Amino acid sequence: MISQNWSKLKPQCAKKPRPKCAPDRPSKLVRRGSKTKRSKHREEVSKNRLLQWVGLELGRWDVMDEVVAGYDLHISPSLGGADSKRNEQKRKRHLEAWLWARMFHPLLPLGEPSAEALKHGDEQLLQKLVNAGLSKKEARARIRKLAIILSSEIVPATDIRVQVDEHSSDLIKLRCGKRTVEVLPRYFAKLRDLHVGSSLQFHLAVFLLLARYRVLQVHDKGGGNQGALPESVFGVLQKWSSTPVIEAFASPLNTLAGAGYYHSAFSDVDGLFGSRGSFFEASILEGVVEVNPPFDEAIVWRTAVFCQQCLERAAADKKMLTFVVVIPETDWPGHAEFLRSQFLCRSITLLAGNHFYQVGNQHLNHCRTYPASRNTSLLLLSSRPLAGANALCTKLHTAFQTQPAATKPALLFIRCFFELRFMNCESFFF
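For what it's worth, the working numbering labels the leading residue of the sequence shown as 52, then goes sequentially.
Next up, the structure:
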């Protein structure tokens with residue numbers, strides 16, 4: 052049985068080693084810093100350290116299984132709805148939304164959520180349970196049980212042996228104990244190119260990375276909350292920019308910018324594959340940054356505030372800093388914060404069903420794109436006057452609308468109809 056004593060978990064988390072990332076610099080200096088970053092990872096992350104990290108990740112996976120089991124026992128049955136695949140997916144997304152509001156704290160090292168975000172996430176789930184017929188007292192008690200499980204002690208696995216099956220033509224499988232992670236061959240090759248450590252430790256690093264994102268995914272075929280930009284869109288942006296474009300929210304699996312040019316959620320694990328660390332810890336004064344945050348209300352608000360601060364500093368230093376922001380068109384405070392910024396140069400709306408994203412689990416999914424189920428706001432913000440903003444937005448809009456050649460129109464229509472008609476817009480994934 053999992054311990055409910057958070058005091059036992061906290062020291063383990065506190066001692067968890069993390070690679071030290073080189074400080075973020077303006078985009079002009081990225082090239083000079085990338086080699087140093089690579090060598091630091093080689094020096095700091097030994098095989099024994101990686102083995103410890105994998106053991107800890109397997110312990111986190113066990114806790115997530117307990118969270119899902121607790122949700123299925125205490126929450127999901129009370130939400131009602133017909134026993135259909137659609138309603139099952141809806142109920143799963145409610146759990147994902149609750150976990151994102153809490154930033155998976157303290158299970159994953161995403162940072163500590165604000166009191167407002169915690170309250171908002173709990174209240175959303177509480178209202179769903181009350182609407183389904185539970186009393187507020189009973190609903191709060193069940194949510195409290197789920198929070199206790201999320202804070203359970205992480206017991207690291209000790210016997211760490213990663214086995215790799217590369218013979219399958221479909222998916223490469225990596226096994227460690229009772230856990231198996233999978234990845235498409237082309238993404239396995241991509242990770243090999245991005246890996247900044249010893250080649251002898253590559254399989255350990257890949258298993259660690261895939262296990263971390265599997266926990267973040269919550270379920271086997273879980274969602275999450277972000278669609279990645281299509282390659283055509285990023286290509287337009289990169290061609291327009293005079294410096295390498297930095298990605299504010301990416302991962303080693305979906306980065307289009309490459310090692311040294313993307314920020315991501317996990318500086319420890321992602322750092323092994325060239326991540327610059329958290330966007331919110333970066334010191335950005337100039338360059339072009341593509342900002343496509345997870346579609347979570349609290350994260351969009353935090354992103355808007357952080358971008359505004361960066362733009363104010365850049366303007367004060369007379370530096371040219373441009374953010375290309377992609378967020379859902381909502382009534383969220385973060386969306387309004389972006390729109391009221393004095394640095395906003397251009398804003399356009401991409402209509403639902405008429406533009407595309409790449410799926411978040413593209414490293415497992417042969418169908419890499421899907422039509423957006425809601426309107427998207429495309430925003431350009433710059434610390435100095437931005438020439439050609441209208442032309443850039445037009446090109447980006449066209450690139451978003453480009454229908455992937457491999458996707459059949461009939462299948463696109465069916466999927467778009469399904470998403471627009473049935474998908475719950477509170478939760479999405481990358």
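Heads up, the beta-carbon is just placed ideally off N, CA and C, and yes, glycines get one too. Every value quoted in this text rests on a predicted model; they were computed, and no experiment measured them.
By the beta-carbon neighbour count (other beta carbons within 10 angstroms, threshold 16), E341 is buried.
For Y313, the enclosing beta strand (DSSP E) covers residues 313–315.
For F253, the enclosing alpha helix (DSSP H) starts and ends at 253–268.
Look at V114 here: in three-state DSSP terms it is helix. The beta carbons of P160 and A152 sit about 17 Å from each other, so the pair does not count as a contact at 8 Å. Distance between C227 and V213, taken at the CA atoms: about 5 Å. In the three-state reduction of the DSSP assignment, A301 falls in the strand class.
By the criterion of at least three beta-carbon pairs nearer than 8 Å, the region 326–342 is not in contact with the region 260–271. When the Cα atoms are used, L437 and V284 turn out to be separated by approximately 19 Å. As the crow flies, the alpha-carbon of R425 is around 34 Å from that of S202. Under the three-state reduction of DSSP output, G439 falls in the coil class, being neither helix nor strand. The DSSP assignment places complete alpha helix (DSSP H) segments of no fewer than 4 residues inside the region 123–204 at 136–152, 166–182, 187–201, in order along the chain. In this chain, the beta strand (DSSP E) harbouring G338 covers 338–342. With contacts defined as CB atoms closer than 8 Å, T400 and Y408 fail to qualify as a contacting pair. Counting other Cβ atoms within 10 Å of its Cβ, Q413 reaches 16 or more and is therefore classed as buried. Here V377 is not near V269, since their CB atoms are 8 Å or more apart. With fewer than three CB-CB distances shorter than 8 Å, the region 279–298 does not count as touching the region 178–185.
Shown here, V377 sits in a strand according to DSSP, grouped into three states. Note on D319: 16 or more other CB atoms within 10 angstroms of its CB, so buried under the neighbour-count rule. In this structure the region 189–205 does not touch the region 367–381; the number of beta carbon pairs closer than 8 Å is below three.
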